[in-house]
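Numbering (mature numbering (1 follows the signal peptide of the UniProt record, and there is no 0)), first residue to last: -25 to -1, 1 to 236.
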């Protein structure tokens, strides 16, 4: 596959994923689009989205439904409350702050992948936004032409040839794979290790309360920035489509070409 073809395929897949998962084709508030939720793969076996390895489909569907109910009755109400009481300007500053912290994860994984230019760009973004951006509250790095590169250890494993393994739906975190679940564990460990080493509230009374608050706000902000809503895609077989798009997106991000007919 040539570079141009790869870029076109990547752009198309990203566009389809965004249109499919962003809720732009929402059929209404979170209503179950699949009733009953179980469908035979035989009904769609001639479709590309049936090709993803999913030996634990029963478990994954259970987790998918759990995530729907968790999202609808707990997480999204909290996010909605956060959006209601927090001015838009402050929401943007909070998102920018956490995105800047996320540059550390991207930097370490760019280094793991031996991507020199990308590592330098990510480091430049972090330094610029941490200084001129007032601790990451603003993003002057983007206006300076320093492109953001979102890397994680799952992509690093894929970059070095590790197969994605079976599809896996994680509780709360959502679509994943065996490879990406392991990568998430590594990234979490690295982030926790760095935070523990810095220990910003180590000398503050009841500092653990602030630690938990920072983590909780990070999760709320992450869900605030994610527009996907379960069962609002408009697809009658949403589970299969989400599985397919997630798998294809991650394979491309790991540097692998799209599957061909």
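Even for Gly, the Cβ is constructed at its ideal location relative to N, Cα and C.
With respect to the C-alpha of residue 111, the residue from 126, 65, 131 and 95 having the closest C-alpha is 65. Here residue 72 is buried: its Cβ has 16 or more other Cβ atoms, across all protein chains shown, within 10 Å.
When the five nearest sequence neighbours on each side are left out, the beta carbons in the same chain lying within less than 6 Å of the beta carbon of residue 116 are those of 100, 103 and 104, in order along the chain. Beta-carbon to beta-carbon, residue 152 and residue 141 are separated by about 7 Å, close enough to satisfy the 8 Å threshold. Straight-line spacing of the CA atoms in residue 94 and residue 149 works out to 28 Å. Contact between residue 31 and residue 143 holds: their C-beta atoms lie close to 7 Å from each other, under 8 Å.
Straight-line measurement puts the Cα of residue 205 at about 8 Å from the Cα of residue 46. Here residue 75 is buried: its Cβ has 16 or more other Cβ atoms, across all protein chains shown, within 10 Å. In this structure, 197 is the residue among 80, 197 and 207 with its C-alpha nearest to the C-alpha of residue 54.
Inside the stretch 33 to 81, DSSP marks whole alpha helix (DSSP H) runs of 4 or more residues at positions 51 to 60, from first to last along the chain.
DSSP, read as helix, strand or coil, puts residue 151 in strand. Sequence-distant partners of residue 139 (beyond 5 residues in either direction) whose C-beta falls short of 6 Å from its own C-beta, in its chain, are 152 and 154. Taking the CA atoms as reference points, residue 133 sits about 22 Å from residue 216.
Cβ contact annotation for residue 137 (same chain, cutoff 6 Å, sequence separation greater than five): 154, in chain order. Per DSSP, residue 179 lies in no alpha helix (DSSP H) and is assigned neither H nor E. Distance from residue 214 to residue 39 at the Cβ level is roughly 6 Å; contact confirmed, criterion being Cβ atoms closer than 8 Å.
Unbroken alpha helix (DSSP H) stretches of 4 residues or longer found wholly inside the stretch 71 to 150: 91 to 106, 115 to 118 and 128 to 134, given in chain order. Under the 10 Å beta carbon count, residue 119 is surrounded by fewer than 16 other beta carbons and is classified as exposed. Taking C-beta atoms as the reference points, residue 125 and residue 81 count as a pair closer than 7 Å.
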